[in-house]
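Going by the working numbering, 327 is the number at position 239 of the sequence shown; the sequence numbering is gapless. Shown next, in structure tokens, is the structure this report addresses.
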Amino acid sequence: MRIKVIVPFPLGEDEVRLRASQLRPTLLGAGVEVDYQPVRASGELADSPYDNLLIDMYIVQAGLRSEQEGYDAVCIDTASDSGVAALRSRLDIPVVGPGHAAASVACLLGRKFSVISTFDRWADNCRRSLVGHELGHKVASYRALDVGAPDVGRLLTDKPEVIAALGDLAESAISEDGADVIVLASTTMHQAAAALAERLPVPVIDPGPWSVRLAADMVLLGASQSKRAYPAPARPRDDLFRALPGVPGFEPPVVTIPSH
Numbered sequence: 089m090r091i092k093v094i095v096p097f098p099l100g101e102d103e104v105r106l107r108a109s110q111l112r113p114t115l116l117g118a119g120v121e122v123d124y125q126p127v128r129a130s131g132e133l134a135d136s137p138y139d140n141l142l143i144d145m146y147i148v149q150a151g152l153r154s155e156q157e158g159y160d161a162v163c164i165d166t167a168s169d170s171g172v173a174a175l176r177s178r179l180d181i182p183v184v185g186p187g188h189a190a191a192s193v194a195c196l197l198g199r200k201f202s203v204i205s206t207f208d209r210w211a212d213n214c215r216r217s218l219v220g221h222e223l224g225h226k227v228a229s230y231r232a233l234d235v236g237a238p239d240v241g242r243l244l245t246d247k248p249e250v251i252a253a254l255g256d257l258a259e260s261a262i263s264e265d266g267a268d269v270i271v272l273a274s275t276t277m278h279q280a281a282a283a284l285a286e287r288l289p290v291p292v293i294d295p296g297p298w299s300v301r302l303a304a305d306m307v308l309l310g311a312s313q314s315k316r317a318y319p320a321p322a323r324p325r326d327d328l329f330r331a332l333p334g335v336p337g338f339e340p341p342v343v344t345i346p347s348h
């Protein structure tokens with residue numbers, strides 16, 4: 089089984105490898121290979137409707153040929169679930185967004201969950217997505233740090249104070265807002281997941297690994313998105329997406345998590 093994970097920014101190999109480190113090979117078992125591959129260009133920070141549209145477009149560009157490339161499923165490495173609906177419409181193989189996946193798992197594990205973020209605008213992206221999926225009533229709160237724009241390349245590397253502050257934020261969500269599950273608002277927060285899980289008395293959902301595991305299980309069980317919910321276009325115009333220019337001189341690297 090081969091799964092493609094689309095990274096929403098045009099990052100270099102070292103940065104993609106850091107994002108891919110969220111996924112332990114032992115998580116997937118034998119026969120599952122996962123490729124992390126960035127888009128050719130994108131928005132800068134997913135901080136606005138304008139930027140989010142650019143990210144959507146380039147994620148769709150990166151995913152359109154996934155079936156022809158031999159992939160069995162596609163995941164998106166952003167909890168905003170950018171491009172997911174369009175790719176579900178265009179592809180027959182499963183397409184999984186980590187934001188929706190994490191929220192669904194949180195609903196299985198508790199009654200109310202809180203979304204915590206390093207960036208308030210990413211928390212807003214999650215809010216819009218969850219309202220669209222009719223899960224807003226399951227959210228106890230959205231809480232975000234005020235530490236400025238995140239680094240989408242280095243993530244939380246060498247930022248123990250941010251991880252500690254996220255723990256404080258989560259504890260407030262539990263004690264003040266009534267959350268019994270904590271959901272991380274971004275796959276870029278995966279470096280905080282283990283520390284938060286050890287510190288907190290409730291489950292902590294790290295969106296990225298859950299989305300890939302869910303995609304693998306969908307393939308194994310022969311399930312994919314409903315074409316009644318995500319109808320295919322009558323006249324696809326893949327050529328328009330293929331024509332989108334990339335960053336000059338940039339060739340997206342592929343970082344593979346091999347079968348265990």
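Positions of the beta carbon are idealized from the N, C-alpha and C atoms, including for glycine. Note that this is a predicted model, so its numbers are computed, not measured.
query	result
For Ala108 and Val42, the rounded distance between their alpha carbons	The structure shown does not extend to residue 42, since the chain is modelled only from 89 to 348, so the question has no answer here.
Cβ pair Trp210, Ala304 closer than 7 angstroms	no
Length of the line joining the Cα atoms of Pro321 and Glu155	16 angstroms
Same chain, Cβ closer than 6 angstroms to Ser299, five either side skipped, listed in chain order	Cys163, Val184, Pro186, Ala189
CB of Met89 within 7 angstroms of CB of Asp180, strictly	no
Close beta carbons around Arg176, own chain, < 6 angstroms, minus the five adjacent residues each side	Val183, Gln313, Tyr318
Buried versus exposed call for Arg301 [16 or more other C-beta atoms within 10 Å across all chains shown]	buried
One or two residues paired with Val121 in a DSSP bridge	In the sequence on display, residue 121 carries Glu and not Val. DSSP output for Glu121 lists Arg90 as bridge partner(s).
Range covered by the alpha helix (DSSP H) that runs through Ser217	208-220
Same chain only: Cβ atoms within 7 angstroms of Ile147, ignoring 5 sequence neighbours per side	Ile94, Pro96, Val127, Ile164, Ser170, Gly171
Contact the region 201-209 vs the region 246-262: 3+ CB pairs below 8 angstroms	yes
Segment contact, 8 angstroms Cβ cut-off, at least three pairs: the region 111-119 with the region 128-144	no
Separation of Ile143 from Leu332, as counted between CA atoms	12 angstroms
Which listed residue (Glu121, Glu101, Glu103) has its alpha carbon closest to that of Lys92	Glu121
Cβ pair Leu152, Asp326 closer than 7 angstroms	yes
Inter-residue Cα distance where the pair is Glu222 and Glu286	30 angstroms
DSSP state of Ala258 mapped onto helix, strand, coil	helix
Backbone CA spacing between Pro346 and Val104 [nearest angstrom]	15 angstroms
Inter-residue Cα distance where the pair is Ala280 and Pro295	12 angstroms
Cβ neighbour criterion (16 or more within 10 Å) applied to Thr344	exposed
Collapsed DSSP secondary structure at Thr114 in the structure displayed	helix
Span separating the alpha-carbon of Tyr124 from that of Glu339	14 angstroms
Cα-Cα separation between Arg216 and Val227, rounded to whole angstroms	12 angstroms
Cutoff 8 angstroms; reference Ala134; Cβ partners in own chain excluding five residues on either side	Pro96, Asn140, Ile143, Thr166, Ser168, Ser170, Arg209, Trp210, Asn213
Alpha-carbon spacing of Ala283 relative to Arg323, whole angstroms	48 angstroms
Closest residue to Val269 among Ser229, Leu233, Thr276 (Cα-Cα distance)	Ser229
Whole runs of the beta strand (DSSP E) within the region 147-193, excluding any shorter than 3 residues	161-164
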